Each structure stands twice: as C-alpha cells, then as structure tokens.
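Line by line, the protein sequences give chains G and U. Numbering-wise (the numbering used here), the first sequence opens with residue 154 and increments by one. Numbering-wise (the numbering used here), the second sequence opens with residue 647 and increments by one. We put the CB at the ideal spot given by N, CA and C, even for glycine. Please read these numbers as outputs of a predicted model, since none were measured by experiment. Worksheet for the structure shown next.
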Amino acid sequence: MNLILVFEQMLNGVQFGVMLFLMAAGLTLVFGIMNLVNLAHGSLYMVGAYLTVAAVQWTGSYPLGVLLGLLGTLVVGMLVEVIALRTLYERDHLDQVLATFGLILFFNELIAIIWGRAALYTSLPTYLQGFIEIIPGSIYPVYRALVIGVGLVVGAVLWYVVARTRLGMLIRAGASNRTMVAALGVNIRLLYTVVFGFGAALAGLAGLMAGPIYAVQPGMGELILIQVFVVIVIGGIGSIRGALVGALIVGMVDTLGRAFLRPLLAHFISPPAAEAAGPALASMLIYLLMALVLAVRPEGLFQAKSG
Amino acid sequence: MRTLVRMLAAVFAAASLAIAPLAAAQQKIKIGFITTLTGPAGIIGKHMKDSVELALDHLGNKMGGVPVEVIFGDDQFKPDVGVQVAEEMLKKQQVDIMSGIIWSNVMMAVVPVVTGAGKVMVGTNAGASPLAGKACHPQFFSTSWNNDQTPEAMGKFLQDQGVNDIYVMAPNYQAGKDMVAGFKRYYKGRIVEEVFTTMGQQDYQAEITQLRAKSPKAAFVFYPGGMGVQFVRQYFQAGLRERIPLYSVFTVDETTLPALKEAALGQYEAKFWSPDMNVPASKRFVADFRKKYGYTPAFYGAQSYDGMMLIDSAVRMNKGSLADTKAVVAAMRKANYDSIRGPFKWNVNQFPIQDFFLLRAEKGGPDGVQMKIQKKVFNDHKDSYYQDCKMAW
Chain G
154 MNLILVFEQM LNGVQFGVML FLMAAGLTLV FGIMNLVNLA HGSLYMVGAY
204 LTVAAVQWTG SYPLGVLLGL LGTLVVGMLV EVIALRTLYE RDHLDQVLAT
254 FGLILFFNEL IAIIWGRAAL YTSLPTYLQG FIEIIPGSIY PVYRALVIGV
304 GLVVGAVLWY VVARTRLGML IRAGASNRTM VAALGVNIRL LYTVVFGFGA
354 ALAGLAGLMA GPIYAVQPGM GELILIQVFV VIVIGGIGSI RGALVGALIV
404 GMVDTLGRAF LRPLLAHFIS PPAAEAAGPA LASMLIYLLM ALVLAVRPEG
454 LFQAKSG
Chain U
647 MRTLVRMLAA VFAAASLAIA PLAAAQQKIK IGFITTLTGP AGIIGKHMKD
697 SVELALDHLG NKMGGVPVEV IFGDDQFKPD VGVQVAEEML KKQQVDIMSG
747 IIWSNVMMAV VPVVTGAGKV MVGTNAGASP LAGKACHPQF FSTSWNNDQT
797 PEAMGKFLQD QGVNDIYVMA PNYQAGKDMV AGFKRYYKGR IVEEVFTTMG
847 QQDYQAEITQ LRAKSPKAAF VFYPGGMGVQ FVRQYFQAGL RERIPLYSVF
897 TVDETTLPAL KEAALGQYEA KFWSPDMNVP ASKRFVADFR KKYGYTPAFY
947 GAQSYDGMML IDSAVRMNKG SLADTKAVVA AMRKANYDSI RGPFKWNVNQ
997 FPIQDFFLLR AEKGGPDGVQ MKIQKKVFND HKDSYYQDCK MAW
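So this is what it looks like as structure tokens:
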C-alpha cells in the first residue's frame, strides 16, 4: 500500500462525494425550505441523464447537449412541482412519500416506453477521454477530474446564492416563515417552483455527469438515492454546508472502505475471515456512520439555522 | 355516467366468462412463459419474449397442427411473484406446459409448483445447480446450461493458455460466488486477489485502482446487466483495456453491447452460443430476428427459441396433445428438433451436453461491435452435478 495509491483512492472518494453532493444539495434544499420529502429526486437524476444523451445525439455537440439536458431537467422539475407537488406542501410526510413514490414508478415506466429498457449508449468527446498526471506517477481520468471541479464550483456558487444574494435571502425567509414572506408581497408559490426547479437541475447535472460512467437505464436513480439520503441525514437536513461535508465524508468512507478495509483487516484477523468480513463491512460502513451520527447528534453535523 | 361504465364493465366481464369455457373446449396448446418484463432486467425478458414470438411465427402459430397460445407472465425478479404467476397460469389459465424464467431463485421456487401440478417445466435460462444434481426432476428440462458451466469454460481456457496471476471480481451474492467457484474448478493458476463487491454497485473506480496497482496478467469478472455496463465502461475509461486483458462471463452480450460499443472492444467472454454460430437453425433465428425486431438477439433469446422448438417436437410426437405428461417427457427426451446449437444431446439430468466457445468483442456487424467466436473451449461439456441426479431414463 503506497502513498500514490492512497492519494488516488482519496481522489476517487472526493469524486464520488461530489456526485453525491450534487444530488444531496437539491434534495436537502427542497426538504429544508419546502418541507417536502421528495423520493422522486432520483427520477430527476435519471431524466437529466436521458435528456442529455438524447440532446447530445440530436445536436451532435457535447457541450450543447449538456446545456439542453440541464434546461430540460429544470423545465421537467418545474412542471412536476406545478402539476403534482404543489398540493402536497400542507400534507404530512407520509402523503408526500406515497405521492413521490408514485412519481418514481411513473418516470421509470415513461422512460422505458420512450427509450426502452436496455441501457443507453453514452460516449465522451475525445478531449475528455484522456488522463492527467496530478502528481508524478499517478494518472487520473480527465473526466473524473472534471466531475470534481464542476462539483466544487457548483458548491461554491450555491453557497454564495443562498448566503449572499437577495434570492437566497428570500429562500431562507420562505423557509422560516412562509406566511410572513407571502404577506410582505413576495410570490411564494413562484419562489417554491423556482427552488424546486433548481433542485431538479442539480439532480439533472449529477445525472448527466453520471451518464458516461454509469449505466443509463430506467431505475438508475433509485440506486444512488439511498446513499444520498444517508448524506443528508449525516450532514443535517436542510443544510447545504452539511450536504457538502456529509457527501465528502460518505464518498471518502465508502471508497476507502472498499479499497483498504480488507487488507487492513487481514493484519488483525485470519485472511479467510478478512475475505468474508471485508466486503460485507465495507458495504455497511456508511450506514454504521449514519447510525453513529444519529446517536451522537440526531440533528446531523450541521443544523440548518433557517429551516 | 359512472354507473353506465360499471354496468358495461359487468356485462363485458360476464361475456368473457361465458366465452372462456368455450375456448378451453377447443383444441389449443397453451404455454405459460414466465420472465422478467419490468425493471432494469426487463431487457432480458424482452429478448426472451421476442424470441418466443419469433418461434411461433416460424411454427405458423401451430404445434402439431394445433393452434398455440403463449401467455406471458412477469415475475418482477421476485420468487414469490413468480410462484403467484405460475399458480395463476396453471389454475386459472389452465396452461398445458410452462417455460421461461431468468433467475435461479425464481426457478427453484416455481419448479415444485409446476411439477406438483403434474405439468412439465422447460427452463430457458436459470440453471440452478440443485436442479442439475440432487433436485433433478423428470418434469424439468433445461434448454440453457448449468450456472457453473460458462465460468468453467473460461477457467479452462485461461488454464490451457497458461495465464498466471489473475485478478478475480464478482458481486457479493450467491451467483457471484458460484461463478468464481466454477472458474476455479478448471483454472489452477495463481489468483492475485478475489474481490467481491456490493450487489448493484455503480462506481468501480476504487476497485479498478486497486486492480491496476497489483498489475495482474489478466482479470476475470462476472458483472451481469447494468453492473456490467458500468464496470466495463469504467475499466475502459481507466485505460486498462490494452494493458490488462479482461475475461468475463455473463457481462458482455447483445443486451449490453449496444450500450457499450467501443468500450467493449477486445473483451473476452465464454458462451455456448453466439449470433455468428455456423448452424442452420441458429442462422435462420438470428437473421429473422434482426429482420422482425431490428436488433441482434442475445443467448437468452436463443435458449427461449430453442425451448419453444423443443415443446413443438413433443406436441408433434404426441399428435397434437400435451395431456399425457409421461408421454410428453418421453418425447422431450428424444429432443427431435433442430436446435440453435446444432445436434442436441441430453445429459441424464435433462440439461444439454454442449460445446462452449471463447468469444471476443470485435468491430463490425450491424451494430458496429459484435461478438465473434474465437475457438471451441469445451467439446460436449457435461455439468459437474449430473452424477448426483438419480433419475431413471
């Protein structure tokens, strides 16, 4: 186990964490501000991946396809909010879970009807297929490095918008007291639609970045959604900062656990036992971490100050 | 308005009830075919269903001069749902014979239901080892293989090539362990490391980085479905394709090739069948399948097509009837039909004795990338469980 390998695995952890963050940011925003449990967040991730694949094929240009895919997911998200979710804000969480679970089924079938059940072909433009040498002796795929970069930039922008702009102020105010903000003449309904749309676009961004690495197929959103819920529980529901820190922790713990837990265990217990316990324990690590956080700080690492 | 609709519905329901016994009274062969039609695995079910329908086209929708109806059921990848569907087919739809089933766990649950009802089951994919060994049954036939046979072929090939230092990876569940065990039954060289990953995992970058660090001579993996698309894509993106040859089973086939394309180039697979097989029945199947559906069938389809042809042979030998189960079993044992494998032989456990090949993903064909047979690995290969099957022939 040399240092370069550890460094590469940490990079892998950051990259996985960044993907989780993009998903978690949208989910936690919607939950924290609109008090809506949205299980269909994974469906928007899937929609983003599919729309982008279709748009890249249609336009023949990768950047243009990405832009169209992102806008498309934003529009789909807003439509979902206006048509289906608007009536659910006042209802209890169980109703929201049922309704958004229905949306998952709806989107999975819709995608299967339009694009079929087979995984879709996705490709990267040649300039994203190469490798870069971050430190001497360690090559890293350009695309994965790009994912890290995009994720961190999005995180910074998101923090700036929520903490420093007028829109962010309205969002935070709407979260603490919806009625009061409405009474001051702000169109809160529109505000919610915009917030939901942006949350959807973030999920779409995660989906379109996942497209070339993962299998673009119906139901792809549910696979990542569970880990995303773990992230927001650890980070603190409703907190963007918590989502970032939680995502990086989960990404790192999961990746390093998968890579090094088994060889590490082999030092302490017999190799066959490590063989059996290693993979099992590695896949449990993030849930153990979540249980630990819940026991010590039930509100998560960062409590959202404004809802 | 609502009451009107309700009345109409009641009338139609009554009418269909009245028709049902009439239909049963007619001479008609009813086949119940269970597969997975929803969820990500639905693509496998689609290959199977389309192949069954093509077989019916080829048979002119008749078996032994009698009209055939196939009733398709969706097991949703769940054993309990599979049992439910099978019971409904047997009791309500009164099917004469059952076929299909992708998953071993569903198969293990459904077979007792079918044999208990006195009917025959023709499995067209799942090859659970108990069914090939101790739990073999005269009323269970398989037109596929035993689960272990395919990795055995890959193990044999790598052993014959004298490839040492192999890195082994599979998902952490029963089939993953079985595949690795089957592989090791014939591969006796050094294994650098055996890694079992979480079922349904999406990102393999961490494992691929570990693999690269160990610089093995080759890698052997089993990643079915979407996991395969992800693993192979990421292996290719990590730049390992040229450096460490990738050998796999049930990972790259015609269900995943359209998603992988150039990422799959150079991938080795072991299989009993490939679309480029030089057998008349197989060529006809592949050509007509492509013509009708516009895509290339995978082995899942070929086995299902074979299943229908096997059933047809039994109906023909029994003069248009499947009523006498003993006679059906006797007829099926003759396997008097043109298999997509060419000449067809049963083992005592009613699994095929068959050849296995090494395949490689190469440029060309209607989809841009296609599987090509490289060489025969096993001649008349028998599975490793048939000795446990005490069945009288």
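What residue range is occupied by the uninterrupted beta strand (DSSP E) comprising N165 of chain G? Careful: N165 of chain G lies outside any beta strand (DSSP E), inside the alpha helix (DSSP H) at 156-187.
I need the straight-line Cα distance from A671 of chain U to K708 of chain U, nearest angstrom please. Interpretation of A671 of chain U is limited by its pLDDT of 32, a score under 50 that renders its predicted location unreliable; the figure taken from the coordinates is listed afterwards. Taking the straight line joining both Cα atoms gives about 17 angstroms.
Quick check: does the Cβ of Q851 of chain U come within less than 8 angstroms of any heavy atom belonging to the ligand ZN? Within the structure as shown, the ligand ZN is missing, as the structure has no ligands at all.
What residues in its chain sit with their C-beta under 6 angstroms from that of N165 of chain G, if we drop five residues either side in the sequence? Within the same chain, N165 of chain G has close Cβ partners T408.
Proximity of S928 of chain U and A948 of chain U at Cβ, strictly below 9 angstroms: One thing to note: S928 of chain U has its Cβ within 9 angstroms of the Cβ of A948 of chain U.
Please give the ranges of any beta strand (DSSP E) in the stretch 881-957 of chain U, keeping only runs that are unbroken, at least 3 residues long and fully inside the region. Segments of the beta strand (DSSP E) lying fully in the stretch 881-957 of chain U: 892-894, 914-917.
Member of U:F877, U:G885, U:E888, U:E908 whose CA lies at the smallest distance from the CA of S894 of chain U: Nearest in C-alpha terms to S894 of chain U, of all of U:F877, U:G885, U:E888, U:E908, is U:F877.
So, helix, strand or coil for M1037 of chain U, using DSSP? Note: M1037 of chain U maps to coil in three-state DSSP.
Kindly indicate if chain G contains any beta-carbon less than 9 angstroms away from that of Q851 of chain U. Cβ-Cβ to chain G under 9 angstroms: yes for Q851 of chain U.
In the DSSP assignment, find the unbroken beta strand (DSSP E) run with P817 of chain U in it and report its ends. From DSSP, the beta strand (DSSP E) with P817 of chain U extends over 812-817.
Simplified DSSP state of V716 of chain U, which is helix, strand or coil: If DSSP states are grouped into helix, strand and coil, V716 of chain U belongs with the strands.
Show which residues of chain G have a CB atom less than 9 angstroms away from the CB atom of P862 of chain U. Under the 9 angstroms cutoff, chain G gives no residues; its nearest Cβ is about 15 angstroms from P862 of chain U.
For F349 of chain G, the nearest candidate out of G:S436, G:L227, G:G431 (CA to CA): Answer by Cα proximity: G:L227.
Taking all protein chains shown into account, do 16 or more other C-beta atoms lie within 10 angstroms of the C-beta of M845 of chain U, making it buried, or fewer, making it exposed? M845 of chain U is exposed by the Cβ-count criterion.
Proximal residues to L397 of chain G (C-beta, below 7 angstroms), its chain only, five neighbours per side dropped: Result list for L397 of chain G: F174, G308, in chain order.
With 9 angstroms set as the bound, which would you pick, yes or no: does the beta-carbon of Q848 of chain U sit closer than that to a beta-carbon of chain A? Within the model displayed, chain A is absent; protein chains G and U are what it includes.
Among the candidates U:Q739, U:M873, U:V757, U:L705, whose CA atom is the shortest distance from the CA of K676 of chain U? Closest by alpha carbon: U:Q739.
Taking beta-carbon pairs under 8 angstroms, can you tell me which members of the stretch 157-170 of chain G lie near chain U? Interface annotation for the stretch 157-170 of chain G against chain U: L158, E161, Q162, N165, G166, Q168, F169, criterion Cβ-Cβ distance under 8 angstroms.
Cutoff 8 angstroms; reference P784 of chain U; Cβ partners in own chain excluding five residues on either side: Around P784 of chain U, the same chain offers V975, Q996, M1037 as residues with beta carbons nearer than 8 angstroms, after the five sequence neighbours per side are excluded.
Should D849 of chain U go down as buried or exposed, given a rule of 16 or more other Cβ atoms within 10 Å for buried? With a 10 Å radius around the Cβ and a threshold of 16 neighbouring Cβ atoms, D849 of chain U comes out buried.
Taking three-plus beta-carbon pairs below 8 angstroms as touching, is the stretch 863-879 of chain U in contact with the stretch 810-829 of chain U? Taking a contact to require three or more Cβ pairs closer than 8 angstroms, the stretch 863-879 of chain U and the stretch 810-829 of chain U qualify as touching.
Taking a contact to mean a Cβ-Cβ separation below 9 angstroms, would you say M187 of chain G touches Y242 of chain G in this structure? Contact flag set, yes.
Contained beta strand (DSSP E) runs [length at least 3] in the stretch 854-878 of chain U, N- to C-terminal order: Within the stretch 854-878 of chain U, the complete beta strand (DSSP E) runs of at least 3 residues are 864-867.
Delimiting residues of the alpha helix (DSSP H) encompassing P1012 of chain U: Note, P1012 of chain U: premise wrong, no alpha helix (DSSP H); not H, not E.
Nearest-angstrom Cα distance between R244 of chain G and V190 of chain G? Roughly 11 angstroms between the two C-alpha positions.
Hey, would you say A608 of chain U sits closer than 9 angstroms to F931 of chain U, going by beta carbons? Examination of residue 608 of chain U is not possible in this model, given that chain U is present from 647 through 1039 alone.
Exposed unless 16 or more other CB atoms sit within 10 angstroms - verdict on V306 of chain G: Exposed, by the Cβ-count rule.
So, do the stretch 857-865 of chain U and the stretch 877-893 of chain U have three or more beta carbon pairs nearer to each other than 8 angstroms? At 8 angstroms Cβ cutoff, the stretches touch.
Using DSSP with H/G/I as helix, E/B as strand and the rest coil, what is Y313 of chain G? In the structure shown, Y313 of chain G sits in a helix (DSSP, three-state: H, G or I).
Any chain U beta carbon closer than 9 angstroms to P294 of chain G: At a cut-off of 9 angstroms between C-beta atoms, P294 of chain G counts as an interface residue with respect to chain U.
Within its chain, find whatever has a CB closer than 8 angstroms to the CB of F284 of chain G; leave out the 5 residues flanking it on each side and keep chain order. Closer than 8 angstroms at Cβ, skipping near neighbours: I292, Y293, P294, V295.
Compute the Euclidean distance between the alpha carbons of S985 of chain U and P998 of chain U, then round it to the nearest angstrom. Rounded to the nearest angstrom, the two C-alpha atoms are 11 angstroms apart.
DSSP state of P278 of chain G mapped onto helix, strand, coil: Coil.
For K676 of chain U, three-class secondary structure by DSSP: Under the three-state reduction of DSSP, K676 of chain U is assigned to strand.
Classification of K938 of chain U by the beta-carbon crowding that lies within 10 angstroms, buried from 16 upward: That one is exposed.
Please return the same chain residues whose Cβ sits closer than 7 angstroms to the Cβ of D1013 of chain U, not counting the five positions on each side in sequence. Excluding positions up to five away in sequence, the list reads L903, P904, T942.
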